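The opening position of the sequence shown corresponds to residue 1 in UniProt numbering, with each subsequent residue numbered one higher. To start, the structure itself, in structure tokens.
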Amino acid sequence: MSGPTVAVIGSGAAAFAAAIRASERGARVVMIERGTLGGTCVNVGCVPSKILLRAAEVAHLQAAHPFAGLGRYAPALDRRALAGQMAARVEALREAKYEAVLASLPGVTFLQGEARFEDAHILRVARADGGVDRLRPDAVLVATGARPALPPVAGLAETPYWTSTEALASEETPPRLAVLGSSAVALELAQAFARLGSRVTVLARGRLLSREAEDVGAALAEAFRAEGIEVRTGARIEAVAWDDGRFRIVAGDGVVEAERLLVATGRRPNTDGLGLEEAGVAVEANGAIRVDERLRTTRPHVFAAGDCTPLPQLVYVAAAAGSRAGENMTGGDAVLDLSVLPWVIFTEPQVAAVGLDQAAAERRGIAVEVRTLPLAEVPRALANFETHGFVRIVAEAGSLRILGVQAVAPHAGELIEAAALAIRAGMTVDALAGELFPYLTWTEALKLCAQTFRRDVAKLSCCAA
């Protein structure tokens, strides 16, 4: 007996996870992609950005490492060679993790073309070769991702501004770069270009990381300024012009000039042109497809996952959502649980968090105790001469059950998953403080922070239990 038929629109993390899971459960899957196989992350997002960030980190260490007796020198940068290496690694990963995986799935057929709902059940696919297919699958997943959004600033649309896509593909390091926005993408690329030699100005509408506690954004802003990055918070951008090879950005407090302008103020779901209205699929005002915890839309046989929904725009959330959608499209009952969701911004220092911060807990009426451990109390930070930042634990008053962790620290993204597991397990700060952590690791900062609920760690020997 043949299984159900499933159509997947898109080919990124959510789409692939869904296709794999549905095919494992016996479905016949058709994957439809109008652009490049693999979606945002591998092609123009996570992968190329991390390559650029790592290269920029190495360049920065050459010029500004903290160790006596070692020379410091400006790196010799061949931007074209770096861009070529990045493109080659992206292509290799796309071939290994998408093209080869697709070829290994006998139950999945790939169509290069553009899909659109003609009604609630019929998909019209305009193939790249000029042909047209009409499909009537038992279930459909929309996983079309998102694209950079453009803020409504006078004159901006008429200029040759960069989005993250152009910035990552560029073979130049502009003398001056203005960055409009304070998203994770904006902050990561601002620091990367500064470390590669650009004079960078960040123009943020509010304070940095405005959804987090004020000292989180302040710590990152201080680190940026120490590297020569100009950070302007509360910037009201009134107009942008391009003339004679330069941008003129008119802000409320003056004019910023730069050879390049990176706009990174957020992303907009790719849902226009899909015929969602004809299908009876409801969307939010920004085009995001409404879904429940089982990834169902307002049509029971139509599912959605990834950045085209209101879910957090994180690739691992997209993959998790896609996998659960693939199960549910084939008769399953999987739920996407985001109650413990770690995240990280790959600046230096990194910013990472999971669970509730103090303000979020108090909004829920939860009384809390909070401890903040400066990195100057962390042995690995001292050994590395990297003491700018902190780790914070938010615990329920009385029980001292861990509710949240926030960190501004090198490699904060590596320690935050341990914090997530502690929260998931319902651990108290005493239980965490009693765990054995290898000495001189960054993760040891969690143990030390937990110990501060009962003692003054400044008065402990280096590896006291």
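Ideal placement from N, C-alpha and C gives every residue a C-beta, glycine not left out. Predicted model, so just to flag it, every value in this text is computed and none were measured.
| Query | Result |
| --- | --- |
| Contact under 7 angstroms by Cβ, Arg195 with Ala59 | yes |
| Burial state of Ser183 (16 or more Cβ within 10 Å) | buried |
| Contacts around Gly145, its chain only, beta-carbon distance under 7 angstroms, and the 5 residues preceding and following it disregarded | Gly10, Gly12, Gly39, Thr40, Asn270, Gly306, Asp307 and Cys308 |
| Own chain partners of Arg424 with C-beta closer than 7 angstroms, once the 5 adjacent residues on each side are dropped | Val340 |
| DSSP state of Asp307 mapped onto helix, strand, coil | coil |
| Distance between Thr165 and Leu150 (C-alpha atoms, nearest Å) | 13 angstroms |
| Beta-carbon gap between Ala420 and Ala352 smaller than 7 angstroms | no |
| Under the three-state DSSP convention, the category Asp215 falls into | helix |
| Three-way DSSP call (helix, strand, coil) for Val185 in this model | helix |
| Helix, strand or coil at Gln350 according to DSSP, with G and I counted as helix | strand |
| Minimum C-alpha distance to Val378 - residue among Leu446, Arg21 and Ile32 | Leu446 |
| Integer Cβ distance of Gly158 from Arg79, believed to fall under 8 angstroms | Here residue 158 turns out to be Glu, not Gly, going by the sequence shown. With a Cβ gap of about 27 angstroms, Glu158 and Arg79 do not count as contacting. |
| Minimum C-alpha distance to Val335 - residue among Thr347, Ile345, Val317 and Gly426 | Val317 |
| Beta-carbon gap between Glu99 and Arg34 smaller than 7 angstroms | no |
| Same chain, Cβ closer than 6 angstroms to Glu257, neighbours up to 5 away in sequence not counted | Arg246 and Arg248 |
| Cβ-Cβ separation, Phe16 to Val153 (assumed contact under 8 angstroms), whole Å | Their Cβ separation, rounded to whole angstroms, is 36 angstroms, which puts Val153 and Phe16 out of contact at 8 angstroms. |
| At least three beta-carbon pairs within less than 8 angstroms, the region 21–30 to the region 39–53 | no |
| N-terminal and C-terminal residue of the alpha helix (DSSP H) that Gly322 is part of | Val315 to Asn328 |
| Reference Leu261; option with closest CA among Thr201, Ala251 and Ala288 | Thr201 |
| Residue burial classification, Pro327 (beta-carbon count within 10 angstroms, cutoff 16) | Residue identity check: residue 327 is Glu in the sequence provided, not Pro. The residue in question, Glu327, is buried, as its Cβ has 16 or more Cβ neighbours within 10 Å. |
| Inter-stretch contact at 8 angstroms, needing at least 3 Cβ pairs: the region 450–460 / the region 371–391 | yes |
| Cβ neighbours of Asp272 in the same chain (closer than 7 angstroms, five flanking residues each side left out) | Gly287 |
| Ala251 beta carbon less than 7 angstroms from that of Ala241 | no |
| Contact set for Ala120: own chain, Cβ-Cβ below 7 angstroms, skip 5 residues either direction | Ala279, Gly280 and Arg299 |
| Where the beta strand (DSSP E) containing Met31 begins and where it ends | Arg28 to Glu33 |
| Sheet register partners of Val283 (DSSP bridge) | Ile289 |
| Within 7 angstroms, strictly: CB atoms of Val368 and Ala397 | yes |
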